[in-house]
Amino acid sequence: MLRLLRGAVLPAAACQEGGGGGGESRYEKLFKKLDANADGRVDIAELQTGLSAMGIPLGKAAEEKIFQAGDTNQDGQLDFEEFMQYLKDHEKKMKLAFKSLDKNNDGKIEASEVVQALKILGINISERQAEKILQSIDADGTMTVDWNEWRDHFMFNPATDIEDIIRYWKHSTVLDIGDSLTIPDEFTEEEKKSGQWWKQLLSGGVAGAVSRTGTAPLDRLKVMMQVHSSKSNKMNIVDGFKQMLKEGGIRSLWRGNGVNVVKIAPETAIKFWAYEQYKKLFANKDGKIGMIERFISGSLAGATAQTSIYPMEVLKTRLAVGKTGQYSGMFDCAKKILKREGVKAFYKGYIPNILGIIPYAGIDLAVYEALKNTWLEHYASDSANPGVLVLLGCGTASSTCGQLASYPLALIRTRMQAQASVEGAPQLNMVALFRKIISAEGVQGLYRGITPNFMKVEI
Numbered sequence: 001m002l003r004l005l006r007g008a009v010l011p012a013a014a015c016q017e018g019g020g021g022g023g024e025s026r027y028e029k030l031f032k033k034l035d036a037n038a039d040g041r042v043d044i045a046e047l048q049t050g051l052s053a054m055g056i057p058l059g060k061a062a063e064e065k066i067f068q069a070g071d072t073n074q075d076g077q078l079d080f081e082e083f084m085q086y087l088k089d090h091e092k093k094m095k096l097a098f099k100s101l102d103k104n105n106d107g108k109i110e111a112s113e114v115v116q117a118l119k120i121l122g123i124n125i126s127e128r129q130a131e132k133i134l135q136s137i138d139a140d141g142t143m144t145v146d147w148n149e150w151r152d153h154f155m156f157n158p159a160t161d162i163e164d165i166i167r168y169w170k171h172s173t174v175l176d177i178g179d180s181l182t183i184p185d186e187f188t189e190e191e192k193k194s195g196q197w198w199k200q201l202l203s204g205g206v207a208g209a210v211s212r213t214g215t216a217p218l219d220r221l222k223v224m225m226q227v228h229s230s231k232s233n234k235m236n237i238v239d240g241f242k243q244m245l246k247e248g249g250i251r252s253l254w255r256g257n258g259v260n261v262v263k264i265a266p267e268t269a270i271k272f273w274a275y276e277q278y279k280k281l282f283a284n285k286d287g288k289i290g291m292i293e294r295f296i297s298g299s300l301a302g303a304t305a306q307t308s309i310y311p312m313e314v315l316k317t318r319l320a321v322g323k324t325g326q327y328s329g330m331f332d333c334a335k336k337i338l339k340r341e342g343v344k345a346f347y348k349g350y351i352p353n354i355l356g357i358i359p360y361a362g363i364d365l366a367v368y369e370a371l372k373n374t375w376l377e378h379y380a381s382d383s384a385n386p387g388v389l390v391l392l393g394c395g396t397a398s399s400t401c402g403q404l405a406s407y408p409l410a411l412i413r414t415r416m417q418a419q420a421s422v423e424g425a426p427q428l429n430m431v432a433l434f435r436k437i438i439s440a441e442g443v444q445g446l447y448r449g450i451t452p453n454f455m456k457v458e459i
């Protein structure tokens, strides 16, 4: 984001923590860039215009936050002394944040250190996602971030500590692969009052739509393998794509994606609202909430959202397994299901779907804590900090265990949703379907389609 600023302004002088001549020269150059009318003062309009011209459009709320922090005499303008003092104070805060992330004290932030920092705050991301975060800051292509790159990137970001920065990352690096079972985003009171929360939800929805569309072929392949693959009809990834292309051409790879994208908005809104209500319900007298209560609130919010939009999940599956010309679209599919099977058809597979919300999040958290505590008990000598590699390994193992535990329920859900669309297929309930799959295919039958499911995460 600040590459333009680095190229046009910053090379003239390196940062000096003590605020010497080089530092003041840099501050002065920045101030002149913002002071459009050269009157020695910068008002909020000049700040907004100047930052946009530098390629740093932060948004009104963030720019006002910078202005409020810097305008110490509250005259509605920033003079050079106020501007310089704000940047010096802000750099000190960013230095502390940098050091808190740089766990091995080598002067650089690596992807594994970002993963660890977010994990501690209950946010699970892959190292690939952490690398994307670093790429947005890394100016020299080393895939690590040194202090100068960190300072330049966050120079005009109003974050005050590492939690603010992580919240900024969480909201700006949304990756939605369509089957999210995670706890909803949390927003501060300031974000709620300023209206930033709905803008961030909207941007997350757009990112989710793009992400789901990009992984839609793999998602449809997963559904096809869950429904049609068996011992007698083995379907691997290559064969699955060939069958879909032969039956409906390239466009068929995105069959059902429209519903998957449309349901983002109501699902996100309901989950966010429900999460806030459940948190209030479980909060103590001081309004605070612990990790267990937060986990329960998130799980209940996910269940509430899924209950509300579940008919769209059924439509997505029916469209995905449907043949070319069978349905003209989402509404045609809904009309035909309603006419042939009645309202109850829109809630087939609901029970395994709801049951699947708890195993993933619960096992992920439990396995992570168990592995970390086991390491501390047997291998920690004089430190209570397991280190980046150990925490990263615990996180990877726990996430994999969560997916492996919840996937059979996801497969049962999909088969129950699709049963009526397969000619001659018996309409089995959850228990009967489990027994049939185990009897005919063994445990591996419960994991049909898991490979493209894992591939969706990696893309």
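Per UniProt numbering, the sequence shown runs over residues 1 to 459.
The beta carbon of each residue, even a glycine, is placed where N, CA and C say it ideally should be.
In this structure, how does DSSP classify residue i when only helix, strand and coil are distinguished?
| i | result |
| --- | --- |
| residue 140 | coil |
| residue 332 | helix |
| residue 108 | strand |
| residue 152 | helix |
| residue 22 | Only weak support is given to the placement of residue 22: the predicted model assigns it a pLDDT of 46, under 50, and the value that follows is read from those uncertain coordinates. Here residue 22 sits in helix by DSSP. |
| residue 180 | Note that residue 180 scores 49 on pLDDT, short of 50, meaning its location in the model is unreliable; the coordinates nonetheless yield the value given after this. Here residue 180 sits in coil by DSSP. |
| residue 225 | helix |
| residue 214 | helix |
| residue 452 | helix |
| residue 399 | helix |
| residue 54 | coil |
| residue 308 | helix |
| residue 444 | helix |
| residue 157 | coil |
| residue 36 | coil |
| residue 317 | helix |
| residue 233 | coil |
| residue 260 | helix |
| residue 393 | helix |
| residue 173 | Interpretation of residue 173 is limited by its pLDDT of 42, a score under 50 that renders its predicted location unreliable; the figure taken from the coordinates is listed afterwards. Note: residue 173 maps to coil in three-state DSSP. |
| residue 408 | helix |
Tell me the residue span of the alpha helix (DSSP H) that contains residue i.
| i | result |
| --- | --- |
| residue 439 | 430-441 |
| residue 132 | 127-135 |
| residue 244 | 237-248 |
| residue 266 | 264-282 |
| residue 286 | Per DSSP, residue 286 belongs to no alpha helix (DSSP H) and is neither H nor E. |
| residue 251 | Run containing residue 251: none; DSSP gives neither H nor E here. |
| residue 355 | 350-355 |
Compute the distance between the beta-carbons of residue i and residue j, then report whether it is under 8 Å.
| i | j | result |
| --- | --- | --- |
| residue 44 | residue 67 | yes |
| residue 316 | residue 256 | yes |
| residue 300 | residue 356 | no |
| residue 134 | residue 114 | yes |
| residue 452 | residue 281 | no |
| residue 49 | residue 108 | no |
| residue 321 | residue 443 | no |
| residue 337 | residue 331 | no |
| residue 264 | residue 205 | yes |
| residue 41 | residue 78 | yes |
| residue 254 | residue 216 | yes |
| residue 235 | residue 220 | no |
| residue 438 | residue 445 | yes |
| residue 266 | residue 308 | yes |
| residue 310 | residue 319 | no |
| residue 402 | residue 363 | yes |
| residue 86 | residue 70 | yes |
Which residues does DSSP list as the beta-bridge partners of residue i?
| i | result |
| --- | --- |
| residue 42 | 78 |
| residue 145 | 109 |
Does the Cβ of residue i have 16 or more other Cβ atoms within 10 Å, making it buried, or fewer, making it exposed?
| i | result |
| --- | --- |
| residue 335 | exposed |
| residue 247 | exposed |
| residue 47 | buried |
| residue 349 | buried |
| residue 232 | exposed |
| residue 415 | buried |
| residue 151 | buried |
| residue 426 | exposed |
| residue 353 | buried |
| residue 174 | Its pLDDT being 36, under 50, residue 174 is placed unreliably by the model, and nothing is read from it. |
| residue 433 | buried |
| residue 454 | exposed |
| residue 203 | exposed |
| residue 35 | buried |
| residue 153 | buried |
| residue 102 | buried |
Would you say residue i touches the ligand PLP, meaning its beta carbon is less than 7 Å from a heavy atom?
| i | result |
| --- | --- |
| residue 108 | No copy of the ligand PLP appears in this structure; indeed no ligand is present at all. |
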